[in-house]
Amino acid sequence: MSQARQPEFERELIKVLKQCPHIIHLPELDFFRDYILEMGGKIPTQESSKPTEPKKETKAEEPKVEKEEKMEEVVEEDEEMESEVELDLEGVIEDNDDTEHEMGDPSKVELSESEMELFENKRSEAMSSYSSGDWEKSVDFFTEAIKINPTSAAMFAKRGTCYLKIKKPKACIRDCNMAIQLNPDNASAYKFRGRAHRLLGQFLDAVKDLRTACKIDFDEQADEWLKEVTPNYD
């Protein structure tokens, strides 16, 4: 190597050593290492001069609040998906008639002979109108019978059926509630109350009532209505 190029070589060597100090221990650089020691310099040990591996960046733990917010977002998404499940609303009707109707005197528990005779006459007239499909007239006769004998579960159940026929499901439910209160085993009341709930889009209540009706006294129509509404319940 010429004398002119030697300083340039040394500058390059020093530059490289600053970046990679561990190479000072290479056999090829023994002469330079000895020179440094002779001049009173210090040579780093092989271990300390080895390049250190860059630390792996650890993913910072998400703040607890942020995690909770993400969980809430997931829950909201699930609720939105559930709300998007389409129900079969065919046949559902609106009933805005909340008018109270005659329910009789609940404190009346006994009938005189004349009252019993009058009750039987009104019941007979009501059943005759019911058989002919005159639902409005049947409601009137059943109401007269109920005023005389407010303890007859059958009269409430029948009048409730008439209300259902004339598209008054809320009135039907009220009558069936009373019929069930008077006789918890009245399958007809559960059947028509279940149908009324179905017409109002109250499918869970409809399924419960129709299942109870079939359990007390199996009825083909009640079973058909149950099959119709079950897909909206499951």
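Numbering (full-length UniProt numbering), first residue to last: 1 to 234.
By construction, the Cβ of each residue, glycine as well, lies at the ideal position given by its N, Cα and C atoms.
Close beta carbons around residue i, own chain, < 6 Å, minus the five adjacent residues each side
i: Tyr163; result: Ala171, Cys172
i: Asn183; result: Ala153
i: Leu199; result: Ile93, Pro169
i: Asp217; result: Ala187
Exposed unless 16 or more other CB atoms sit within 10 angstroms - verdict on residue i
i: Leu26; result: exposed
i: Thr212; result: buried
i: Cys20; result: exposed
i: Met178; result: buried
i: Ser138; result: buried
i: Lys122; result: buried
i: Ile14; result: exposed
i: Asn96; result: exposed
i: Phe31; result: exposed
C-beta atoms of residue i and residue j nearer than 9 Å
i: Phe156; j: Cys176; result: yes
i: Gly160; j: Ala189; result: yes
i: Asp209; j: Arg193; result: yes
i: Thr151; j: Glu102; result: no
i: Met127; j: Lys158; result: yes
i: Lys191; j: Ala145; result: no
For residue j and residue i, the rounded distance between their alpha carbons
i: Asp140; j: Val229; result: 31 Å
i: Lys167; j: Tyr130; result: 15 Å
i: Ser98; j: Arg195; result: Note that residue 98 is Asp in the sequence shown here, rather than Ser. In a straight line, the C-alpha of Asp98 is about 18 Å away from that of Arg195.
i: Pro231; j: Lys215; result: 19 Å
i: Asp105; j: Glu136; result: 22 Å
i: Val109; j: Lys147; result: 12 Å
i: Ser132; j: Ser112; result: 30 Å
Contacts around residue i, its chain only, beta-carbon distance under 8 Å, and the 5 residues preceding and following it disregarded
i: Val75; result: Interpretation of Val75 is limited by its pLDDT of 44, a score under 50 that renders its predicted location unreliable; no figure is taken from the coordinates.
Which whole runs of the alpha helix (DSSP H) in the region 111-139 are 4 residues long or more, in chain order?
Counting whole runs of 4 or more residues, the region 111-139 contains the alpha helix (DSSP H) stretches 113-132.
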